[in-house]
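Trainee:
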Amino acid sequence: MSLESRRPAARRLRAANRRLQPTLALAAALALAGAGPARAQDAPAGGAPALHAKFDSLQDKLSHNAYGRPLVLQSTQSSDRLEGEVYARVDQPYPLVRKALQGTDNWCAILILHLNVKMCHAQPAGLDMALGRKYDQPVDDAYKLHFDYKLAASGADYLRAKLTSADGPLGTKDYRIAVEAAPLDAGHTMLHMSYAYGFGFAAKLARNAYLSTV
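In structure tokens form, the structure reads like this:
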């Protein structure tokens, strides 16, 4: 195939990726804002059959919810851990979702959701990020955080990937972001995203102070 004949296809792929990223970012934002059933992302993944079964059980909630979109948020918080899960139907074909989520190239666009994220650089095996305390804090003064990326499965009918980090700011720890996806039909994809981290007394005080002044 000549270079000229490949260019229209490349432009279509870039345009499709731009349409897909807001949907993935919304799922990430809801997962990061909430929490999910205890240690859900640590449970063994059941692959495409388990994801299909879960979506079948959530049909009513996917159709009727406060967001006006086909997604379900499940959350919980314990004394030392925050966790969240989002299930969503993505209006894009699975091959495109799979391409966007395998590898780290698109993850900064998905995860930069808050003014406190000062910097994000994708590396072959993870993400380098900087988290700040306020919107005008310089990047050099922000807390540096590295996420390791692992692609656990990537096939024609199922994808599973995760990001992990042992330590974070203010004594937070054990960050885990997981995503799995499977085709629903030719034009739609099932997406499950989860997020969790542990925290201590200092992080709890900082979070409460932040929420009280938002």
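Quick note: the sequence shown uses the numbering used here, first residue 581, plus one each step. Ideal Cβ positions, reconstructed from N, Cα and C, are used throughout, including at glycine.
1) Within 10 angstroms of its Cβ, does serine 637 collect 16 or more other Cβ (buried), or is it exposed?
2) What is the residue span of the alpha helix (DSSP H) that valine 759 lies within?
3) On the DSSP bridge list, what partners appear for aspartate 728?
4) Identify every residue that forms a DSSP beta bridge with glycine 683.
5) On a Cα-Cα basis, can you pick out the residue from Leu725, Tyr723, His768 and Ser745 that is closest to aspartate 737?
6) Identify which residue in Tyr674, Val677, Asp728 and Gln639 has its Cα closest to the Cα of tyrosine 755.
7) Out of Leu764, Ala776, Tyr777 and Ile757, point me to the one whose CA is closest to alanine 630's CA.
8) Going by DSSP in three states, glycine 627 sits in which element: helix, strand or coil?
9) Whole angstroms is fine: what's the gap from serine 655's alpha carbon to glutamate 665's?
10) I need the straight-line Cα distance from proline 675 to arginine 740, nearest angstrom please.
Mentor: Let me lay it out:
1) exposed
2) Counting along the chain, valine 759 falls outside any alpha helix (DSSP H), though it belongs to the beta strand (DSSP E) covering 753-765.
3) Gly706 and Thr744
4) Looking at the DSSP assignment, glycine 683 forms no beta bridge with any residue, so it has no partner.
5) His768
6) Asp728
7) Leu764
8) helix
9) 6 Å
10) 13 Å
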